[in-house]
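Take the position in the sequence shown, starting the count at 1, then add 2; the result is the number in this note's numbering.
All C-beta atoms, glycine included, are put in the ideal place defined by N, C-alpha and C.
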Amino acid sequence: MHIRRILRIPFAAAALAGALTVSVAPAHADAPRPTIVLVHGAFADASSWDGVAAALRADGYRVVVPDNPLRGPANDAAAIEQVLAGIDGPIVLAGHSYGGAVITNVHDTDVKAMVYIAAFAPQQGEPIAIAMDPFRFPGSQLQPPALALTPSGSGIEGSVAPDSFNTVFAQDVSSATAANMITHQHSIAATALLEPSGPASWATTPTWYLVSAADRVIPPAAERFFAQRMGAHTAEVDASHASLVSQPGVVAAFIEQAAR
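Structure representation (structure tokens):
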């Protein structure tokens with residue numbers, strides 16, 4: 003059984019790193035460091051992890067940031083599993099936003115810990131559209147017209163409208179940073195939100211969850227519910243949905259807690 007610890011994280015990443023390590027037992031000197039695999043969510047690409055990946059690499063971790071196809075949890079989890087198959091040794095698997103639904107469907111015996119960053123964590127049979135129940139968890143601002151739905155050859159694609167991106171998705175980054183994020187935005191297949199999740203890997207793997215307390219995409223109450231349901235080690239940061247961009251040092255320090 004996991005012990006659920008809730009920490010209120012300040013904006014200073016250095017202070018956080020010290021606070022987070024208090025409750026973590028020191029790693030054995032001869033234990034191999036895990037490879038950290040970072041899975042991006044919808045409306046983004048692998049570059050959304052750039053700041054976090056740089057911080058982790060500076061601390062000596064090997065970091066892999068694969069592309070997430072954004073087609074559906076089963077399809078995308080299979081793509082991530084192919085990447086994991088090429089990694090030797092223990093793995094810490096982290097997912098942001100929709101990436102949480104993807105890592106939930108990844109099953110690999112080398113994954114020793116899973117980290118959810120403002121992410122969905124569905125249980126078996128639960129689509130994201132049900133997990134993000136607006137009646138239980140009101141407050142998401144990612145609704146039309148901020149959520150743009152566009153027909154494509156394969157169906158309907160969802161994206162964040164450019165004029166809403168900064169205020170809805172990442173209100174704590176500069177307009178210049180938001181503009182750069184928009185150029186890297188990838189749409190998600192609308193059917194991905196309706197696909198029932200498979201068996202949840204978090205049910206048999208140690209988990210960590212970092213709640214974004216100022217999230218305007220996934221209501222913080224929903225994030226806290228996911229974390230509690232998993233029995234995750236939980237912390238909160240006063241950040242937007244894009245905490246990995248606005249506070250990469252904080253996010254990296256939290257992931258390192260799971261990696262120790």
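Margin query: I need the straight-line Cα distance from residue 245 to residue 166, nearest angstrom please.
Written below: 17 angstroms
Note to self: Excluding the 5 residues flanking residue 172 on each side, which residues of the same chain have their C-beta closer than 8 angstroms to its C-beta?
What the structure shows: Result list for residue 172: 179, 180, 183, 242, 243, 244, 247 and 248, in chain order.
Margin query: Could you tell me the alpha carbon to alpha carbon distance between residue 146 and residue 121, rounded to whole angstroms?
Written below: 21 angstroms
Next item on the list: Just the C-alpha distance for residue 187 and residue 34, rounded to the nearest angstrom, thanks.
Entry: 35 angstroms
Margin query: Please return the same chain residues whose Cβ sits closer than 7 angstroms to the Cβ of residue 253, not counting the five positions on each side in sequence.
Written below: 54, 119, 212, 245 and 246
Notebook entry, point to check: Cα separation between residue 185 and residue 68?
Noted result: 18 angstroms
Check: residue 232 by DSSP, collapsed to three states: which one?
Finding: In the three-state scheme derived from DSSP, where H, G and I count as helix and E and B as strand, residue 232 is classed as helix.
Margin query: Is it buried or exposed, residue 105, if we count other Cβ atoms within 10 angstroms and call 16 or more buried?
Written below: buried
Check: In chain order, what residues of the same chain have a beta carbon less than 7 angstroms from the beta carbon of residue 328, not counting five sequence neighbours either side?
Finding: With the chain running from 3 to 262 in the structure shown, residue 328 is simply not present.
Checklist line | Classification of residue 174 by the beta-carbon crowding that lies within 10 angstroms, buried from 16 upward | finding: buried
Next item on the list: Taking residue 250 as the reference, give the member of 199, 155, 59 and 236 with the closest Cα.
Entry: 59
Note to self: Going by C-alpha to C-alpha distance, which of 224, 209 and 228 sits closest to residue 235?
What the structure shows: Residue 209 holds the alpha-carbon nearest to the alpha-carbon of residue 235 among 224, 209 and 228.
Check: If you check the beta carbons only, do residue 37 and residue 101 fall under 8 angstroms apart?
Finding: no
Margin query: Going by DSSP, what residue range makes up the beta strand (DSSP E) through residue 116?
Written below: 113 to 119
Check: Ends of the alpha helix (DSSP H) at residue 53?
Finding: Residue 53 -> alpha helix (DSSP H) spans 52 to 60.
Item checked: Span separating the alpha-carbon of residue 206 from that of residue 221 -> If you take the alpha carbons of residue 206 and residue 221, they lie about 26 angstroms apart.
Note to self: By the three-class DSSP mapping on this structure, what secondary structure does residue 93 have?
What the structure shows: strand
Notebook entry, point to check: From this set, 75, 99, 63 and 62, which residue's C-alpha is nearest residue 48's C-alpha?
Noted result: 99
Checklist line | Test item: CB-CB of residue 124 and residue 130 under 8 angstroms | finding: yes
Next item on the list: Closer than 6 angstroms by C-beta to residue 156: which residues in its own chain qualify, once you throw out the five before and the five after it? Chain order, please.
Entry: none
Notebook entry, point to check: What do you get for residue 218, buried or exposed, if any count of 16 or more other CB atoms within 10 angstroms of its CB means buried?
Noted result: Counting C-beta atoms within 10 angstroms of its own C-beta, residue 218 has 16 or more neighbours from the protein chains shown and is therefore classed as buried.
Check: Which residues bound the beta strand (DSSP E) around residue 153?
Finding: 149 to 154
Check: How about residue 127 and residue 75: do their beta carbons lie closer than 8 angstroms?
Finding: no
Checklist line | Neighbour-count burial assignment, residue 257, 16 or more Cβ in a 10 Å radius | finding: buried
Note to self: Is residue 42 near the ligand NAD - that is, is its Cβ less than 7 angstroms away from at least one heavy atom of it?
What the structure shows: Of ligands this structure carries none, so the ligand NAD is not represented either.
Check: Under 8 angstroms, do residue 139 and residue 202 count as touching if we go by C-beta distance?
Finding: no
Item checked: Distance between residue 162 and residue 168 (C-alpha atoms, nearest Å) -> One alpha carbon belongs to residue 168, the other to residue 162, and they sit about 10 angstroms apart.
Next item on the list: For residue 224, name the three-state secondary structure that DSSP assigns.
Entry: Helix.
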